[in-house]
Structures are given as structure tokens and as C-alpha cells.
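To keep things clear, I will list the structure first and then write my remarks on it.
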Amino acid sequence: MGFIRLQRYLSRCGLGSRRGCEELITQGRVSVNGEVLDELGSAIDEDSRVLVDGRKVTVLPHRYFILNKPKGIICVRDDPRGRRWVVDMIPKEFRPGLFPVGRLDIDTTGLILITNDGDLSNRIAHPRYGVEKEYVALVKGNMTEGELKAMEEGVMLDTGMVKGIRIISFEHVEDRTSVTLRIHEGRYHVVKRIFLAVGSRVYELHRRGIGELNVDDVEVGSWKEIGKDLILSKCKIE
Ligand code: URA
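Taking the working numbering, the leading residue of the sequence shown gets 653, the next gets one more, and so forth.
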């Protein structure tokens with residue numbers, strides 16, 4: 653038996669984002685052990701009987717999916733233009749409460765982890781924990797080894813310095829360069845912006861891996877369910 657904040661409990665029941673769950677509470681739609689709780693921040697016993705709109709809700713088991721995201725799919729829910737979001741690529745019965753860990757741009761392909769485990773998500777996505785993401789970027793021009801290695805010293809963006817870039821390999825493909833790099837930053841458009849900052853431009857971007865987890869054996873547009881232990885060991889999370 654443990655205590656948990658009510659909005660967190662509701663979000664673990666698959667009732668949407670923490671924010672959405674806060675609204676359910678402040679609208680007076682949630683009762684705990686027979687009493688309406690409409691104030692945020694209350695901690696409840698995990699064994700409580702919780703009702704939303706009079707219906708009992710229960711915590712869902714954590715699940716973890718890796719998806720090889722194709723182009724044209726977005727990572728934010730409720731797109732005003734109605735574009736398909738990544739969670740819709742997972743079968744319907746698993747979807748309640750799932751969200752993508754971090755974001756990939758609409759035109760980026762590759763590994764996206766989809767889960768309902770907020771704590772694990774935070775440890776993977778937050779730069780503080782230093783979990784590296786590996787990208788393969790096809791960029792404009794024939795970049796030299798010197799230019800690429802210089803990026804490892806840090807690249808200044810309008811939002812500050814990006815440190816911790818590691819160039820793993822590169823090859824010239826006609827008049828472009830295919831660069832494999834590792835980075836633990838999750839800033840908006842970060843890979844495209846660092847190449848722009850050094851005078852190039854990303855034409856194609858693929859996220860190959862998170863830590864040592866990759867989608868090399870998952871076809872673009874396909875997914876597979878994996879266990880938490882595999883994620884912890886491949887991402888070296890204690
Ligand atoms: N960096 C980008 O620029 N785009 C992505 O989708 C991911 C990282």
C-alpha cells in the first residue's frame with residue numbers, strides 16, 4: 653500500500669494527461685472512498701475506491717512499445733489538422749493512457765518509445781539523465797571530418813549551447829553527407845538546428861536508437877512490445 657497524488661493515479665488509469673486529469677478533479681467528477689475530492693494535490697491511498705463520473709477506475713499495468721515511426725505521423729495529440737498521431741499506430745485495446753516518450757518531427761523516421769509509464773519516460777527524455785539518442789542525418793554538402801569533429805566541442809543555438817554531441821561515423825553520398833551522431837538533448841528540432849548552425853541543412857533524419865535500444869529489426873511503420881527490464885539495461889538506467 654502506498655500513497656499517490658490523485659491526478660497521477662487518474663493518469664495511470666488511462667484517463668489522459670496529468671493536465672486533463674486535473675480538470676476531472678476540479679470539475680468535481682472524481683470521488684475517493686465515497687467522497688468527492690475536487691482539490692488538486694491530495695494524496696490518496698493506492699488501494700482507495702476511485703470513481704470518475706460514478707464509474708470505478710483502476711490503474712493499468714505499465715506497457716512499453718517501440719515503434720519505427722514512418723514519415724507523416726505526428727507525436728502530439730489533438731492536432732488541429734487531424735493528422736494521425738503515433739499512438740494510433742498501436743492496436744486500440746492497448747491505447748488508453750499511452751503517450752510517446754519525447755517527440756520526433758513529422759518528417760523524421762525511426763525509434764519512438766510509447767508507454768504509459770510517466771517516470772520511465774521522464775528518465776529517458778530528460779537531458780539530466782544523459783540517455784543518448786542516435787540519429788542518422790543526411791545533410792547538404794560534403795562535410796569534412798574537421799567540420800564534424802568541431803561540432804563535438806559544442807554548437808551554439810539561439811537557445812544556448814548544445815554540448816555532448818558525438819560524431820559516430822560519416823560518409824559522403826554524392827553531394828551530401830550521411831552523418832551518424834549521438835546526442836542527449838531533446839530540444840525542439842535540435843538536430844536540424846545544430847546542422848543549420850554550422851552551415852548545412854538536414855534533408856533526411858532517422859532516429860536509430862535510444863541508448864543501446866534500436867529499431868534495426870523493426871520495419872518502418874511496425875512496432876513491438878518490449879519489457880521494462882530491457883529498456884533499463886539498454887538505456888543504462890539504474
Ligand atoms: N531533432 C530534430 O531536428 N528532429 C527530430 O525529429 C528529432 C531531433
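Glycine included, every Cβ here is placed at the ideal spot set by N, Cα and C.
Inter-stretch contact (C-beta, 8 Å, three-pair minimum) for the stretch 864 to 876 and the stretch 713 to 728 | Touching, per the Cβ criterion.
C-beta atoms of Lys792 and Arg845 nearer than 7 Å | On the sequence shown, position 140 is the one that residue 792 refers to. On the sequence shown, position 193 is the one that residue 845 refers to. In this structure, Arg845 does not lie closer than 7 Å to Lys792 by Cβ.
Excluding sequence positions up to five away, which residues of its chain have a Cβ less than 8 Å from the Cβ of Arg860?
-> If you number the sequence shown from 1, residue 860 lands on position 208. Counting only Cβ-Cβ distances below 8 Å, and skipping sequence neighbours, we find Gly762, Leu763, Glu786, Tyr787, Val788, Thr832, Asn866, Val867 and Asp868.
Mapping DSSP to helix, strand and coil, what is Glu745?
-> For this step, residue 745 is matched to residue 93 along the sequence shown. In this structure, Glu745 counts as helix in the three-state DSSP scheme.
Counting pairs of Cβ atoms below 8 Å between the stretch 767 to 783 and the stretch 740 to 759, do you hit three or more?
-> These segments touch.
Using alpha carbons as the reference points, say which of Gln659, Asn794, Asp731 and Ile758 lies closest to Arg828.
-> Taking the first residue of the sequence shown as position 1, residue 828 is located at position 176. Cα-wise, what sits closest to Arg828 is Asn794.
Can you give the Cα-Cα distance for Gly654 and Tyr840, rounded to whole angstroms?
-> Position 2 of the sequence shown, counted from the start, is the residue given in the question as residue 654. Position 188 of the sequence shown, counted from the start, is the residue given in the question as residue 840. Per the coordinates, the alpha-carbon of Gly654 lies some 36 Å from the alpha-carbon of Tyr840.
Leu750 by DSSP, collapsed to three states: which one?
-> As a first step, residue 750 must be located in the sequence shown, where it is residue number 98. DSSP places Leu750 in coil when its eight states are reduced to three.
Three-state secondary structure (DSSP) of Ile862 = Taking the first residue of the sequence shown as position 1, residue 862 is located at position 210. Annotated three-state conformation of Ile862 is strand, per DSSP.
Taking 7 Å as the CB-CB cut-off, is Asp697 touching chain B?
-> This model lacks chain B altogether, as it is built from one protein chain only.
Where the alpha helix (DSSP H) through Gly798 begins and ends | In the sequence shown, the residue the question calls residue 798 occupies position 146. Element bounds for Gly798: Glu797 to Met803.
Taking the alpha-carbon positions, what's the Leu676 to Ile696 distance?
-> Reading the sequence shown from its first residue, position 24 is the one you call residue 676. Reading the sequence shown from its first residue, position 44 is the one you call residue 696. Each residue's alpha carbon lies about 16 Å from the other.
Option in Leu662, His836 and Ile725 with minimal Cα separation from Ser694 = By one-based count along the sequence shown, residue 694 stands at place 42. When the alpha-carbon of Ser694 is set against those of Leu662, His836 and Ile725, the nearest one is in Leu662.
Extent of the continuous beta strand (DSSP E) to which Val825 belongs | Here the question's residue 825 lines up with position 173 in the sequence shown. Going by DSSP, Val825 is part of the beta strand (DSSP E) stretching over Arg818 to Val825.
Does DSSP put Ile725 in a helix, a strand or coil?
-> Within the sequence shown, the letter at position 73 stands for residue 725. Looking at Ile725 - three-state DSSP - the assignment turns out to be coil, as it is neither helix nor strand.
Return the chain-ordered list of same chain residues with a C-beta closer than 6 Å to the C-beta of Glu837, the five sequence neighbours on each side being excluded.
-> Here the question's residue 837 lines up with position 185 in the sequence shown. Apart from sequence neighbours up to five positions away, the residues of its chain that approach Glu837 with a beta-carbon distance below 6 Å are Pro779 and Val814, ordered along the chain.
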